[in-house]
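Below you'll find the structure, written out as structure tokens, and then a few comments.
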Amino acid sequence: MPIRTILHYPDPRLRVKAKPVVVVDDTIRTLIDDMAESMYAAPGVGLAATQIGEDKRLFIIDIADEDAPSELRVFINPEIVASAGQQLYREGCLSFPGVSEDVTRAAEVTVRALDRDGNAFELSASGLLAVAIQHELDHLDGKLMIDHLGVIKRRIVHRKMLKKDDGPRTPAH
Ligand code: GNR
Ligand code: NI
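Following the working numbering, the numbering of the sequence shown begins with 1 at its first residue and continues without gaps.
Here it is as structure tokens:
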């Protein structure tokens, strides 16, 4: 089960709006296994298929503490069916290594999705789990944490990411 390369901003593939999963089959389950391995290796608390260049509406989350047993949650074709309140959380993103910024999101969400067996479930979440669900769902729509920042912070993060990037220099703007 290979560890997959996680795309970094400003890779254009991070802007793709992912397509629904049509059947939850062994191909999807293999993809989930690869994503889990990649997320734990990173390490991160979540990973969206978009971040490894897979055009599918699927993400995984594990917010269990390092010293606790892992609790992998799988969300296929997720939809937020209810949300309430607001919370500010200092977020990171595996597609923005070295960046952490405060983002405002709903305090509580109810998400409906399919699990790795293709069974529908509903989950209500608050705190970090609610943040992660919203962060990952954004990825499936090609939306990134930088889009939640004001113009000044956004430009700072943008320039920082261009500097880190290897390869040919294009003029900063
Ligand atoms: O590993 C991650 N940590 C994190 C911390 C606060 C809010 C959101 C996240 S998600 C992130 C992994 C990631 O980039 N998922 O898309
Ligand atoms: Ni992310």
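Ideal Cβ placement from N, Cα and C applies to all residues, glycine included.
Nearest neighbour of A107 by Cα position, chosen from F59, R29, G85 and T50, turns out to be G85. In the structure shown, the three-state DSSP call for K19 is strand.
Inter-segment contact for the region 62-72 and the region 5-25 is absent: fewer than three beta-carbon pairs are separated by less than 8 Å.
In this structure the region 32-43 does not touch the region 121-133; the number of beta carbon pairs closer than 8 Å is below three. Where R4 is concerned, there is no enclosing alpha helix (DSSP H), because DSSP gives it neither an H nor an E. For R154, the enclosing alpha helix (DSSP H) covers residues V151 to K164. Excluding its 5 nearest sequence neighbours in each direction, E71 has C-beta neighbours in its own chain below 7 Å: D62 and A64, listed in chain order. Annotation: A64 is outside any beta strand (DSSP E) and is labelled neither H nor E by DSSP. Judged by DSSP in its simplified three-state form, P12 adopts helix. Taken from the Cβ of S38, every heavy atom of the ligand NI lies 7 Å or farther away.
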